[in-house]
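What follows is a short report on a single structure.
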Amino acid sequence: MPDVHALLSASSSKRWLHCTPSVRLEEGFPNESSVYAAEGTFAHSLCEFKLGKYLHHRVTRPQSDEFYSEEIDQITDVYYEFAVGVIESMKRNGCEPLVLVEERVDYSHIAPSGFGTADLLVLGRDEDGRGLLHVIDFKAGKGVYVDCDHNSQMMLYAIGALHGYGFIYDVQTVRMTIVQPRLDNVSTFEMTADELKAWGESIKPIAKMAFEGKGEQHPGDWCRFCRAKPVCRACAEEAMALARDEFLDLDAALAAEGAEGADGADTQVAETDLTAPYKADTDTPVFKQPGLIPMSELSAILPTLNRISSWIDSVFAYVSSEAINHAVPVPGYKIVEGRSKRVFTDTKAVVDTAIQNGYTDLYKQQLITLTEFEKLMGKKKFNELLGEYVAKPPGKLALVPLDDPRPPVDLANTPDQEFSVLPDPAGTEDEG
Ligand code: SF4
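Numbered according to this note's numbering, the sequence shown spans residues -18 to 413.
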């Protein structure tokens, strides 16, 4: 997989389409890879290898002691089987499809300097003999369900593919599919080539603004992977505005302050809640409506709270990293050492000394894991010998938004369980 990204990348397009200055605001911040991104990269290379083998390309199986697992093998198989199904069905439609794996596509005629790498492009004919382009994307993540419906990343890949190869089969229909096996998500969206081209034309001015860093910052769920997030003023103001609007009565607080300092010449009274400056939490807040908040109000602010919570985490991570890794002073704070556990410095010497002094039973025995058994015996033998002893207990209950693809749990028939809160998706996967 090539590790080169355009400024207006397809994978970040939702962000720059909604918040045009974001790509330029991010420029000063390093693009730090996460362990999830590295695992995703390995999984993609396994997908590429499996498809390459099917296509009789000369390919080498990627190796990784860190990331290879039965599960990675299984999820890449799901993608492989879907992709092969698409190719074979085009063959049944009476054509020899053009299959391009990890193909660089250029959409710079729509977004300045825009290009990206599509996991898989299949060009051929549909059941009615019309030209068909199918763009397929593999997602290894499990943090957030990715829907293909009007997905700008997929549409930009498709625009690039149409531009580069659409003439080969006179493509009239564009089909796009996201395969996200860890969430049992196979999501397909289809449009005509003309509709896709019209959408491309419609975003041209937005892409130009984004390239030039113009427009207004606009927070939303697309902020998730924005590198400017910890220092984004729009995010900070959104968080503070929510606190002001929903919980605090700043007019009352300021009126109280005004009463305290009635004879002070500097006392300022803000005009409204929204124009009042935010003050650090050394002030005692005055709550709008003492009492309890009904579920209807709480649920209305949940999506914003989820985003703000992710922003707060990113601020703490950024400030801590600046202070600890770059010695940037943070007024009012200092660096200290956390608690640590005692460790042996030389395990062999520990064992030798203990034995010399007559101590035995120094080791514990542990059963190997289910996956290790499967590796040891092979899947078939494992199922044959141990299959009857394998069960899959129900997962932990979680509250998620309605558009999550998983079916709702029937609580009336579910034994009591602990629940987890709305997951903070930040940091659980890569953007691409
Ligand atoms: S974090 Fe700020 S700059 Fe980045 S996308 Fe969100 S609003 Fe825009």
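We put the CB at the ideal spot given by N, CA and C, even for glycine.
The structure displayed is predicted, hence computed values, not measured ones.
- Roughly how many angstroms lie between the CA atoms of R205 and V103, to the nearest whole one? R205 and V103 have their C-alpha atoms some 31 angstroms from each other.
- Task: Indicate the three-state DSSP secondary structure (helix, strand or coil) for V212 in the structure shown.
- Result: Here V212 sits in helix by DSSP.
- What alpha helix (DSSP H) runs, 4 residues minimum, are completely inside the stretch 121 to 151? List check, alpha helix (DSSP H) in window: 133 to 146.
- Task: For the stretch 322 to 370, list the alpha helix (DSSP H) runs that are entirely contained and at least 4 residues long, ordered along the chain.
- Result: Secondary structure remark: continuous alpha helix (DSSP H) runs of at least 4 residues inside the stretch 322 to 370, in chain order: 328 to 337, 351 to 358, 360 to 367.
- Where do the N-terminal and C-terminal ends of the beta strand (DSSP E) with H115 fall, by residue? 112 to 119 is the span of the beta strand (DSSP E), which, as asked, contains H115.
- Looking at the unbroken alpha helix (DSSP H) that takes in L102, where does it start and where does it end? Note, L102: premise wrong, no alpha helix (DSSP H); beta strand (DSSP E) at 96 to 106.
- Query: Is the beta carbon of S291 within less than 7 angstroms of some heavy atom of ligand 1?
  - Reply: Because no heavy atom of ligand 1 lies under 7 angstroms away, the Cβ of S291 does not count as near it: no.
- Message: At 4 residues or longer, what runs of the alpha helix (DSSP H) sit wholly inside the stretch 25 to 79?
- Response: Runs found: 51 to 73.
- Is it the case that the Cβ atoms of F23 and F63 are separated by a distance below 8 angstroms? No, Cβ-Cβ distance for F23 and F63 is not below 8 angstroms.
- Would you kindly report the start and end of the unbroken alpha helix (DSSP H) that includes S295? 276 to 307 is the span of the alpha helix (DSSP H), which, as asked, contains S295.
- Query: Got a sec: does ligand 1 put a non-hydrogen atom nearer than 7 angstroms to the Cβ of W203?
  - Reply: Answer for W203: yes, Cβ within range of ligand 1.
- Task: Could you name the residues of the same chain whose beta carbon sits closer than 8 angstroms to that of D87, not counting the 5 residues immediately before and after it, in chain order?
- Result: If we look at D87 and ignore the five residues flanking it on each side, its Cβ neighbours are G95, F96, G141, H144, G145.
- Task: Determine the closest residue to K34 out of N166, V65, D46, I282, with distance taken between C-alpha atoms.
- Result: Closest option to K34, Cα to Cα, is V65.
- Query: Quick one: what's Q161 bridged to in DSSP?
  - Reply: Q161 is bridged by DSSP to N166.
- Message: Please report the distance separating the alpha-carbon of S301 from that of E77.
- Response: The C-alpha of E77 is placed about 56 angstroms away from the C-alpha of S301.
- Query: In angstroms, rounded to a whole number, what distance separates the CA positions of T169 and Q198?
  - Reply: Distance from the CA atom of T169 to the CA atom of Q198, rounded to whole angstroms, is 31 angstroms.
- Query: Can you list, in chain order, the residues of its chain whose CB lies under 8 angstroms from that of E252, leaving out five sequence neighbours each side?
  - Reply: Caution is warranted here: a pLDDT of 46 is assigned to E252, below 50, making its placement in the model unreliable, and the coordinate value is therefore given only provisionally. Excluding the 5 residues flanking it on each side, E252 has no same chain C-beta neighbour closer than 8 angstroms.
- Query: Are V67 and I117 closer than 8 angstroms when you measure CB to CB?
  - Reply: Contact: yes.
- Locate the alpha helix (DSSP H) running through P186, then write down its first and last residues. If you look at P186, you'll find it in the alpha helix (DSSP H) that goes 174 to 193.
- Message: Distance check for P200 and C0, CA to CA, integer angstroms please.
- Response: In this model, C0 and P200 are separated by some 7 angstroms (Cα to Cα).
- Helix, strand or coil at A379 according to DSSP, with G and I counted as helix: In the three-state reduction of the DSSP assignment, A379 falls in the strand class.
- Looking only at C-alpha atoms, which of L114, D130, K189 sits nearest to Q153? With respect to the C-alpha of Q153, the residue from L114, D130, K189 having the closest C-alpha is L114.
- Message: Let's test the definition: count the other Cβ atoms within 10 Å of the Cβ of M276 and tell me whether it reaches 16, buried, or not, exposed.
- Response: By the 10 Å Cβ count, M276 comes out exposed.
- Measuring CA to CA, which of V309, L79, L283 is closest to L383? Out of V309, L79, L283, L283 has the C-alpha closest to the C-alpha of L383.
- Task: Locate the alpha helix (DSSP H) running through K(-5), then write down its first and last residues.
- Result: Unbroken alpha helix (DSSP H) run through K(-5): -6 to -1.
- Message: Given the structure, does H199 come close to ligand 1, in the sense that its CB is under 7 angstroms from one of the ligand's heavy atoms?
- Response: True, at least one ligand heavy atom lies under 7 angstroms from that Cβ.
- Check: R(-4) C-beta below 7 angstroms from any heavy atom of ligand 1: Within the cutoff, so yes.
- Item | Pairwise C-alpha distance: G196 and L357 | One C-alpha to the other measures close to 58 angstroms.
- With L273 as the anchor, note down where its alpha helix (DSSP H) starts and where it stops. Taken as a continuous stretch (DSSP letters only), L273 belongs to no alpha helix (DSSP H), as it is neither H nor E.
- Please state whether DSSP places V82 in a helix, a strand or coil. Here V82 sits in strand by DSSP.
- Query: Can you find a heavy atom of ligand 1 that lies under 7 angstroms from the Cβ of M321?
  - Reply: This sequence places Ser at residue 321; Met is not what is there. Distances from the CB of S321 to the heavy atoms of ligand 1 are all 7 angstroms or more.
- Neighbourhood of R111 by C-beta distance below 7 angstroms, restricted to the same chain and skipping five residues each side: Once the five neighbours on either side are set aside, the close Cβ partners of R111 are Q153, T154.
- Please classify D202: does DSSP put it in a helix, a strand, or coil? The answer is helix: DSSP assigns D202 an H, G or I state.
- Across which residues does DSSP place E171 in a beta bridge pair? Answer by DSSP bridge pairing, in chain order: R156.
- Does any heavy atom of ligand 1 sit closer than 7 angstroms to the C-beta of C0? Under cutoff, so the answer is yes.
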